[in-house]
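Taking it in order: structure first as structure tokens, then the write-up.
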Amino acid sequence: MVTQRLSLVPLDHETAQAIVDNDRTGRAWHEQFPREDDRDGVNGWLRQGDPVFGNFVIVEQASGQAVGTIGFFGPPDETGTVMVGYGLVEPARGHGYATEALRSLVDYAARQPAAKRVVADTEKVNLPSQRVLDKAGFAKTHETDDACWYALDL
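To convert, note that position 109 of the sequence shown is 109 in the UniProt record's numbering; the numbers rise steadily by one, no gaps.
What follows is the structure, given as structure tokens:
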């Protein structure tokens, strides 16, 4: 998937293993990529195989560098709900990249017949991530002690 400033590159097994192993050899990755959260998310992707609802590496087109990941936490459940997560290296934050990538991922989900709703959660203290979800069209559905939950019907 390509947006105005980003490419969302589908994760393959070789790249996934390199992310998990933090193996930067021959890769156009930002010096702060991958983050621990990237490695955790990709580990989950490796455990579930290569689903349609997978993960993507966020590549900044201007630099050609990987600056984060975005993706699904597996296929939709029986209600058609799919959960998403995203993250960027610190220098790539604050430029609208997360919102741009999330909108593209939601568009992708909307083209999948099994998906009816997209949900995400973020820590209560993570106001920038809450703004990303708001800007991408999500609505806050509820809060727990430490998290805010958002949803977007497709």
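Idealized CB from N, CA, C, for every residue including glycine.
8 Å Cβ shell around residue i - same chain, five flanking residues per side excluded
i          : result
residue 23 : 17
residue 39 : 19, 20 and 22
Beta-carbon contacts of residue i that lie in its chain and below 7 Å, excluding the five residues immediately before and after
i           : result
residue 119 : 81, 83, 149, 150 and 151
residue 142 : 149
residue 104 : 1, 3 and 8
residue 129 : 122
residue 108 : 1
Test item: CB-CB of residue i and residue j under 8 Å
i           : j           : result
residue 87  : residue 71  : no
residue 8   : residue 53  : no
residue 91  : residue 32  : yes
residue 6   : residue 123 : no
residue 158 : residue 147 : Outside the shown range of the chain (1 to 154) lies residue 158, about which nothing can therefore be said.
residue 114 : residue 75  : yes
residue 73  : residue 44  : yes
Cβ-based neighbour list, residue i, same chain, cut-off 6 Å, excluding 5 preceding and 5 following
i           : result
residue 153 : 117
residue 37  : 87
residue 136 : 99, 102 and 103
Assumed close pair residue i, residue j - CB separation to whole angstroms, cut-off 8 Å
i           : j          : result
residue 61  : residue 28 : At roughly 12 Å, the Cβ-Cβ gap does not stay under 8 Å, so residue 61 and residue 28 are not in contact.
residue 89  : residue 67 : 5 Å
residue 58  : residue 34 : In fact, because the Cβ distance is near 11 Å, the residues do not count as touching under 8 Å.
residue 106 : residue 69 : In fact, because the Cβ distance is near 16 Å, the residues do not count as touching under 8 Å.
Opposing strand residues paired with residue i [DSSP bridges]
i           : result
residue 143 : 148
residue 10  : 56
residue 153 : 117
residue 29  : 66
Could you name each continuous alpha helix (DSSP H) segment of 4 residues or more that falls completely within the segment 53-87, going from the start of the chain to the end? none
Report the start-end ranges of each beta strand (DSSP E) in the segment 104-133 that is 3 residues or longer and not cut off at the edges. 117-123
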